[in-house]
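Colleague:
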Amino acid sequence: MHRLKLPEIIDRSAAETLAAELSAAVTPGASIEIDGSQVSRIGQAGLQVMLSGRMTATDCRASFDIIRPSKAFLDAAALAGLTAYLGDPACSPEQEST
Amino acid sequence: MTNDEIRNIFLLECDEGLGVAEEGLTACQANPADAEAINSIFRAVHSIKGGAGAFGYAALQAFTHKFETLLQQVRDGDRALDDILLKILFRALDMLSDHVNAIKGEASEPDDGALSAELEAIAGGHPPEAEPEAAADEEIDFDALLGDLDPGHDPAPGNDDAPWVVSIKPKAQAMASGGEPLHILRELCALGGVVSGVDRSALPDLGTIDTSQSYLVWTLTIDGTVDHASFDEIFDFVGEDYIWSATKTAADQMPALPTPDDEVAGPAVAEIADAAIMPVAEHPKPAPTAASAPGASTPPPTIRVDLDKLDRLVDTVGELVITQAMLVQRLDQAGVSTGDEMSQLEYLTRELQDCAMSLRAQPIGTVFSRVPRIVREVSMQTGKDVRLEVEGETTELDKTVIERIGEPLTHLIRNAVDHGLEMPEERLAAGKDAQGVIRLAAEHRGGRILISVTDDGRGIDRERVLAKAQERGIVAADARLSDEEIDNLVFAPGFSTAQTVSNISGRGVGMDVVRQNIQALGGRVSIASRPGHGSTFTLALPLTLAIADGMIVKVGTETLVMPLTHIVECLQPQPGDVKPVGPNQFMLNVRGQFLPVTSVAHALHIDGAQSDPLNSVLIIVETEAVGQVVLMVDTICDQRQVVIKSLETNYRAVAGVAGATILGDGRIALIADVEAIARAELVPAAVAIAA
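Just so you know, the sequences run in chain order A and B. When the letters of the first sequence are read in order and numbered with the numbering used here, they come out as residues 1 to 98. When the letters of the second sequence are read in order and numbered with the numbering used here, they come out as residues 1 to 691.
#1: Applying a beta-carbon distance threshold of less than 9 Å, which residues of chain A neighbour B:P301?
#2: Can you give me the start and stop residues for the beta strand (DSSP E) that B:F235 sits inside?
#3: For B:Q353, tell me which candidate among B:P493, B:R370 and B:E319 has the shortest Cα-Cα distance.
#4: Inspect the CB distances between the stretch 551–570 of chain B and the stretch 318–338 of chain B and report whether three or more fall short of 8 Å.
#5: Do B:V371 and B:V697 come within 8 Å of each other at the CB atom, strictly closer than that value?
#6: Expressed to the nearest angstrom, what Euclidean distance is found between the alpha-carbon atoms of A:F73 and B:S196?
#7: So is B:V31 buried or exposed if we call it buried at 16+ other beta carbons inside 10 Å?
#8: Quick one, are the C-beta atoms of B:V555 and B:D634 less than 8 Å apart?
#9: Just the Cα atoms here: how many angstroms apart are A:A20 and B:L206?
#10: Rounded to the nearest angstrom, what separates A:L79 and B:A190 at their Cα positions?
#11: Could you give the distance in angstroms between the alpha-carbon of B:I209 and the alpha-carbon of A:V49?
#12: Between B:E109 and the rest of its own chain, which residues show a CB-CB distance below 7 Å, the 5 nearest in sequence each way excluded?
#13: Since B:C355 is in the alpha helix (DSSP H), which residue starts that stretch and which ends it?
#14: For B:D665, which three-state DSSP category applies?
#15: Distance cutoff 8 Å, beta carbons only. Does A:D65 sit that close to anything in chain B?
#16: Does B:A676 pass the burial test, meaning 16 or more other C-beta atoms within 10 Å, or should it be called exposed?
#17: Just confirm the distance between the C-beta atoms of B:I671 and B:G659, as a whole number of angstroms; I'd bet it's less than 8 Å.
#18: Under 8 Å between C-beta atoms, does B:D150 make it to chain A?
#19: With 8 Å set as the bound, which would you pick, yes or no: does the beta-carbon of A:S40 sit closer than that to a beta-carbon of chain B?
#20: Below 8 Å, can you find three or more Cβ-Cβ pairs linking the stretch 299–317 of chain B to the stretch 354–363 of chain B?
#21: What in chain A is Cβ-close to B:G207, meaning under 8 Å?
#22: Identify, in the order they occur along the chain, each residue of the same chain with its Cβ nearer than 6 Å to the Cβ of B:A603, setting aside the five sequence neighbours on each side.
#23: Would you tell me roughly how many angstroms separate the C-alpha atoms of A:L22 and B:Q173, rounded to the nearest one?
#24: By the criterion of Cβ-Cβ separation under 8 Å, what are the contact partners of B:P170 in chain A?
#25: B:C28: which of B:L86, B:T366, B:P181 and B:S611 sits nearest, CA to CA?
#26: How would you list, in chain order, the residues of chain B whose beta-carbon sits under 8 Å from the beta-carbon of A:S70?
#27: Do A:G43 and B:L216 have their C-beta atoms closer together than 8 Å?
#28: B:A52 and B:T64: beta carbons closer than 8 Å?
#29: Near B:A718, which residues of its chain fall below 8 Å by C-beta distance, leaving aside the five closest residues on each side in sequence?
#30: Give me the chain B residues within the contact set of A:D59, using Cβ-Cβ distance strictly less than 9 Å, ordered along the chain.
#31: Give the straight-line distance between the Cα atoms of B:N8 and B:P424, rounded to the nearest whole angstrom.
#32: Report yes if the CB atom of B:L541 is closer than 8 Å to the CB atom of B:L412, and no otherwise.
#33: I'd like the span of the alpha helix (DSSP H) that includes B:I181, first residue to last.
#34: Taking Cβ-Cβ distances shorter than 8 Å, what residues in chain A pair up with B:C189?
#35: How about A:R3: is its C-beta nearer than 8 Å to some C-beta of chain B?
#36: Round the Cβ separation of B:L440 and B:L489 to the nearest angstrom and send it over; I've been treating them as touching at under 8 Å.
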């Protein structure tokens with residue numbers, strides 16, 4: 001299993017690094033777990049990379065789970081209408097606790 | 001920077017914006033689907049609106065807002081750009097220009113009430129109506145037009161409560177320099193907006209994703225009571241970074257957010273209302289192309305410089321050229337070998353001069369951009385159907401020349417439409433297309449700029465022109481004139497063949513002024529006309545009014561400068577080359593072609609000059625009036641750059657002299673007006689007409 005931890009701030013620059021990391025991790029049949037607990041800010045570039053990762057994983061039958069997404073992460077996903085793609089808030093411990 | 005300075009910059013930008021919009025609309029005439037042209041028009045009008053708001057020009061701001069709303073619908077694909085709508089957009093552009101002129105104090109504030117209502121009605125869904133035959137004079141019943149609409153001129157008649165469907169596609173630049181499209185989404189959500197759809201069909205997989213690009217398109221639904229202006233405010237300062245639209249839709253067409261099941265089923269595009277998202281999906285905007293090649297269409301950086309500063313620079317360079325010539329002469333007289341250093345200085349001076357002149361050069365498009373409006377207005381007033389073709393609008397020439405050819409060009413264009421082109425039925429009867437063509441072109445040729453106005457109309461009716469000239473005593477009743485001489489009669493003061501005097505042309509006060517204005521610029525006007533096929537008026541203008549290359553010649557006791565642009569070759573004739581054809585009149589045999597010889601001394605009344613061609617230097621020059629002719633001078637002294645000083649400004653106009661210059665030894669030399677000398681000696685009739 002691949003485990004990745006999202007950085008605190010995912011701006012365009014961080015998104016580029018993240019895309020490279022995810023690209024290396026998402027392989028056919030792989031299982032990827034992404035820790036989103038530290039994210040305090042994520043913009044469109046970061047959301048696009050996460051969404052692309054999710055799509056790519058689906059295409060190559062890899063699992064792609066976002067665990068413990070922070071409130072900032074979920075808010076950004078909700079604002080962009082991407083909650084359905086970037087994790088189920090019900091699975092989020094942070095979300096459960098709020 | 002003072003407020004006035006900022007205001008002046010705004011007005012300059014308005015002029016630039018109007019030019020861009022005019023170009024864009026013209027491009028749309030050829031290709032209504034030209035997305036980049038539509039975008040450029042929108043951006044230009046949007047910028048003018050922003051500035052108008054900042055400076056408190058309420059009337060301009062209000063009008064541009066309505067204009068922009070309609071443009072946005074076209075840009076977003078909500079409205080097809082057909083001929084009728086295009087004509088209305090042209091009228092709106094003309095009105096916008098009138099508003100800008102009013103702010104400049106050049107005109108009174110225009111009454112845009114009727115046109116504003118028309119724009120609002122069309123933007124509100126009322127189909128545009130064909131332009132009335134004489135819209136300028138005709139009352140349009142806009143009360144009846146507006147009566148069809150709901151009281152608030154809502155974009156969805158009878159659908160007041162329908163929610164807004166807002167579609168947003170950020171461009172790449174929306175994410176550059178710290179920009180964040182999510183902030184815009186947040187502002188829309190603050191208006192009560194809810195994201196109802198996300199189009200992610202353009203999103204690539206991880207292997208090819210470019211994090212500087214924007215791939216998502218959002219659709220939001222927002223309460224229908226929210227004013228459209230709220231959206232405008234949000235996009236006011238970032239509008240160019242986004243493709244967006246706000247339309248109303250019926251409740252049963254409301255988009256819905258996708259569920260995870262949608263994804264399992266595999267659709268890449270979330271289910272959303274067709275009406276809301278299709279404009280973006282069906283009409284891909286140029287943004288992705290621009291984004292894929294960042295900087296490809298970015299104009300080079302520019303700064304604005306006061307014209308006074310440029311003029312000082314050009315004057316100083318002119319003085320430098322004179323001083324350099326003096327230095328060369330002084331060193332030469334002292335027997336000092338200058339060698340490479342002087343060659344280098346000469347090279348650098350010329351480079352500096354070219355740079356200085358290029359700073360003053362402007363594309364002639366700034367003058368040409370006024371022409372479409374003139375053609376539109378005259379064609380509407382005359383009921384003629386006219387197509388304007390423009391070529392060479394990037395040709396550059398000196399700013400002073402540009403500023404002073406506007407009026408002559410306007411006369412020529414108005415005359416071409418009014419007199420040159422026939423009425424549609426007359427054209428059809430003559431086997432022509434009902435739509436007449438006016439072609440405006442500019443090009444560099446032989447160190448000059450040629451600007452031509454060509455029509456495919458009836459051509460000059462020479463019988464009528466000659467009869468009218470004889471009737472008015474402009475030429476003798478028994479005068480026998482060549483076709484060219486008859487054509488030139490249209491430049492005679494007070495000449496007009498128009499059957500009725502109109503407010504367009506036909507008062508006989510235009511064409512002679514055209515010739516005078518062009519001659520004052522050191523230029524010439526010529527005519528080529530074919531009966532039944534049309535006419536071409538050509539303006540030949542100097543590239544610059546400041547510096548020229550010249551040949552220094554001696555004629556009697558005088559030193560003259562012959563502009564190099566006219567000179568074809570110089571020669572010393574052999575016995576047998578020169579044939580006398582009358583008292584003091586000769587022809588020169590140049591490789592089998594006989595050319596008339598003109599004595600410069602005779603033309604300029606200079607005493608003590610050689611009268612025998614065999615003891616003179618003969619200079620073959622090219623003229624527009626009489627083709628190649630031979631000018632007879634005593635000797636050739638030198639060839640150099642000369643700084644042209646106006647005789648008119650410092651003394652008065654002198655026939656046969658184009659200006660003066662200061663030579664290297666400090667003496668003043670007159671610059672010969674080659675064209676005028678040739679005409680005076682060889683075409684007496686033309687001089688009599690032009691006088």
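Each residue gets a CB set at the ideal place from its N, CA and C atoms; glycine is no exception.
Modeller: So, from the listed chains and residues:
#1: On the second sequence, position 301 is the one that residue 301 of chain B refers to. What B:P301 touches in chain A: nothing, since even the nearest Cβ is about 24 Å away.
#2: On the second sequence, position 235 is the one that residue 235 of chain B refers to. Counting along the chain, B:F235 falls outside any beta strand (DSSP E), though it belongs to the alpha helix (DSSP H) covering H228 to F235.
#3: The residue labelled residue 353 of chain B in the question sits at position 353 within the second sequence. Residue B:E319 is the option with its Cα nearest to B:Q353.
#4: no
#5: Nothing about residue 697 of chain B can be read from this structure; chain B reaches only from 1 to 691.
#6: In the first sequence, residue 73 of chain A corresponds to position 73, counting from 1. In the second sequence, residue 196 of chain B corresponds to position 196, counting from 1. Cα-Cα distance, rounded: 19 Å.
#7: Taking the first residue of the second sequence as position 1, residue 31 of chain B is located at position 31. First, the amino acid is wrong: residue 31 of chain B is Asn here, not Val. By the 10 Å Cβ count, B:N31 comes out exposed.
#8: Numbered from 1 along the second sequence, position 555 holds the residue referred to as residue 555 of chain B. Numbered from 1 along the second sequence, position 634 holds the residue referred to as residue 634 of chain B. The answer is yes: Cβ separation under 8 Å.
#9: As a working note, residue 20 of chain A is residue 20 in the first sequence. As a working note, residue 206 of chain B is residue 206 in the second sequence. Looking at the two C-alpha atoms, the distance is approximately 8 Å.
#10: Counting from 1 along the first sequence, the entry for residue 79 of chain A is found at position 79. Counting from 1 along the second sequence, the entry for residue 190 of chain B is found at position 190. When rounded, the distance between both Cα atoms is 11 Å.
#11: Stepping through the second sequence from its first residue, residue 209 of chain B is reached at position 209. Stepping through the first sequence from its first residue, residue 49 of chain A is reached at position 49. When rounded, the distance between both Cα atoms is 8 Å.
#12: As a working note, residue 109 of chain B is residue 109 in the second sequence. These residues qualify, in order along the chain: A59 and A102.
#13: Taking the second sequence and counting its residues from 1, one reaches residue 355 of chain B at position 355. Run containing B:C355: G339 to R360, per the alpha helix (DSSP H) assignment.
#14: Translated into positions along the second sequence, residue 665 of chain B becomes position 665. In the structure shown, B:D665 sits in coil (DSSP, three-state: anything other than H, G, I, E or B).
#15: Looking up residue 65 of chain A in the first sequence gives position 65. Chain B contact via Cβ: absent.
#16: In the second sequence, the residue the question calls residue 676 of chain B occupies position 676. So B:A676 counts as buried.
#17: In the second sequence, counting from the first residue as 1, residue 671 of chain B sits at position 671. In the second sequence, counting from the first residue as 1, residue 659 of chain B sits at position 659. That pair is a contact at about 5 Å.
#18: Translated into positions along the second sequence, residue 150 of chain B becomes position 150. Confidence at B:D150 is low in this model, with a pLDDT of 35, below 50, so the placement of that residue is unreliable and no value is reported for it.
#19: In the first sequence, residue 40 of chain A corresponds to position 40, counting from 1. Judged by the 8 Å Cβ criterion, A:S40 is not in contact with chain B.
#20: yes
#21: The residue given as residue 207 of chain B occupies position 207 in the second sequence. Chain A residues near B:G207: S23 and T56.
#22: As a first step, residue 603 of chain B must be located in the second sequence, where it is residue number 603. Hits under 6 Å: G656, I677, A680 and E681.
#23: Position 22 of the first sequence holds residue 22 of chain A. Position 173 of the second sequence holds residue 173 of chain B. One C-alpha to the other measures close to 25 Å.
#24: As a first step, residue 170 of chain B is located in the second sequence; it is residue number 170 there, counting from the start. What B:P170 touches in chain A: Q44.
#25: By 1-based counting over the second sequence, the position of residue 28 of chain B is 28. Considering only alpha carbons, the answer is B:L86.
#26: Counting from one through the first sequence, the residue named residue 70 of chain A turns up at place 70. Near A:S70 there are no residues of chain B at all, since even the closest Cβ is about 15 Å away, more than 8 Å.
#27: Within the first sequence, numbered from 1, the residue matching residue 43 of chain A stands at position 43. Within the second sequence, numbered from 1, the residue matching residue 216 of chain B stands at position 216. Contact: no.
#28: By 1-based counting over the second sequence, the position of residue 52 of chain B is 52. By 1-based counting over the second sequence, the position of residue 64 of chain B is 64. Yes.
#29: Given a span of 1 to 691 for chain B in the structure shown, any question on residue 718 of chain B remains unanswerable.
#30: Here residue 59 of chain A corresponds to residue number 59 of the first sequence, with the count starting at 1. In chain order: D205.
#31: Here residue 8 of chain B refers to the residue found at position 8 of the second sequence. Here residue 424 of chain B refers to the residue found at position 424 of the second sequence. Distance between the alpha carbons of B:N8 and B:P424: 44 Å.
#32: Here residue 541 of chain B is taken as the residue at index 541 of the second sequence, counted from 1. Here residue 412 of chain B is taken as the residue at index 412 of the second sequence, counted from 1. No; because the gap between Cβ atoms is not below 8 Å, this pair is not in contact.
#33: Your numbering for residue 181 of chain B matches position 181 in the second sequence. In the sequence on display, residue 181 of chain B carries Pro and not Ile. B:P181 -> alpha helix (DSSP H) spans P181 to A190.
#34: Here residue 189 of chain B refers to the residue found at position 189 of the second sequence. Those within 8 Å of B:C189 in chain A are L79.
#35: Counted from its first residue, the first sequence places residue 3 of chain A at position 3. Not an interface residue.
#36: Counting from 1 along the second sequence, the entry for residue 440 of chain B is found at position 440. Counting from 1 along the second sequence, the entry for residue 489 of chain B is found at position 489. With a Cβ gap of about 24 Å, B:L440 and B:L489 do not count as contacting.
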